[in-house]
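To keep things clear, I will list the structure first and then write my remarks on it.
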Amino acid sequence: MRQNSPTLPAPLPPASTDFHGLQARHAEAEARLAALMAANMTRLYDHLTRAGITHVMVSFHCDHDICRIIGLTAWADDVECPCPDVTIPYVALDQPAPAPGNLALRHAIARIACDVLQDLRAASGTARAADGSFCFDAAARANLLDYNPCDAMAPSGPPQACAASYAQGPW
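Its first residue numbered 4, the sequence shown is counted upward by one per residue in our numbering.
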C-alpha cells in the first residue's frame, strides 16, 4: 500500500525576530556603558590627582549576589590622607537615560568600584563569594584588583548588585 501523505512536518515559518538588529542594539549598549565607565574613571582620576591623592585602596566583600565596599583608604605617595570634601560628576550606569549627577568624592569612589566589580562578575559569569581589594592608581591611571574567590558556590541567578554602602573609616 502506498502512503500519499508527507512524512516530514511542514517547515517552520521564517523567524520574525531581527537577530542582527538585536545584536547591533546590544553592541551599542555595551559601547555606551564602556564609554560611560571610561568617562567616570577619567573624572575620578582627574579629581584624585588635583587633590594630591596618588591612589585609593578599596576593600570589598562579595557574598554571592551582593558586593559591599567595606573600606576606603586614600594615599598621597606613602602617606595615608583624608578624603577631600569635593564633589565630582558621576553618571550612573544603570539608568535608561544617563544624566550626570554630583557625588561626594568618597561616594563616587565607592560607586565606581561597584561598577567595576559588577562588570567583572558579570563578564566572568560567577556569583561566587569573594574578598579582595581594588586600587585606583591615579598616578598611573590604572586599576589594580586583588580578587579572592571563596570556596562556597552560589546558585546561579540574576546579575549581581553592588551596594555602595561601606564601613565608615578615617574618611
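We treat Cβ as the ideally placed atom computed from N, Cα and C, and that holds for glycine. Owing to the predicted nature of the structure, the values given are computational and were not obtained by experimental measurement.
Are there 16 or more other CB atoms within 10 angstroms of the CB of residue i, so buried, or fewer, so exposed?
| i | result |
| --- | --- |
| SER62 | buried |
| ALA130 | buried |
Between the alpha carbons of residue i and residue j, how many angstroms are there, rounded?
| i | j | result |
| --- | --- | --- |
| ALA41 | PRO14 | 48 Å |
| ASP1 | LEU96 | Shown here, the chain extends from 4 to 174; a query on residue 1 therefore has no answer. |
| ALA116 | PHE22 | 33 Å |
| THR76 | THR90 | 17 Å |
| VAL82 | LEU108 | 19 Å |
| SER8 | GLN98 | 56 Å |
Can you list, in chain order, the residues of its chain with a C-beta nearer than 6 Å to that of residue i? Leave out the 5 residues immediately preceding and following it.
| i | result |
| --- | --- |
| ALA38 | none |
Given the structure, does residue i come close to the ligand MN, in the sense that its CB is under 7 Å from one of the ligand's heavy atoms?
| i | result |
| --- | --- |
| ALA37 | Judged by which ligands are present, the structure shown has none, so any question about the ligand MN falls away. |
Are any of the Cβ atoms in chain C nearer than 8 Å to that of residue i?
| i | result |
| --- | --- |
| VAL119 | Of the protein chains in this structure there is only one, and it is not chain C. |
*asked:* So, does the stretch 124-134 touch the stretch 40-59, judging by three or more C-beta pairs under 8 Å?
replied: no
*Three or more C-beta pairs below 8 Å linking the stretch 132-150 and the stretch 100-107*: At 8 Å Cβ cutoff, the stretches do not touch.
*Taking one C-beta from the stretch 128-140 and one from the stretch 63-71 each time, how about it: are there three or more such pairs within less than 8 Å?*
yes
_Threshold first: 3 residues or longer. Then list the beta strand (DSSP E) segments lying entirely within the stretch 4-92, N to C._
58-66, 69-79 and 82-84
*Go through the stretch 91-130 residue by residue and report every complete run of the alpha helix (DSSP H) that reaches 4 residues or more, in order.*
108-127
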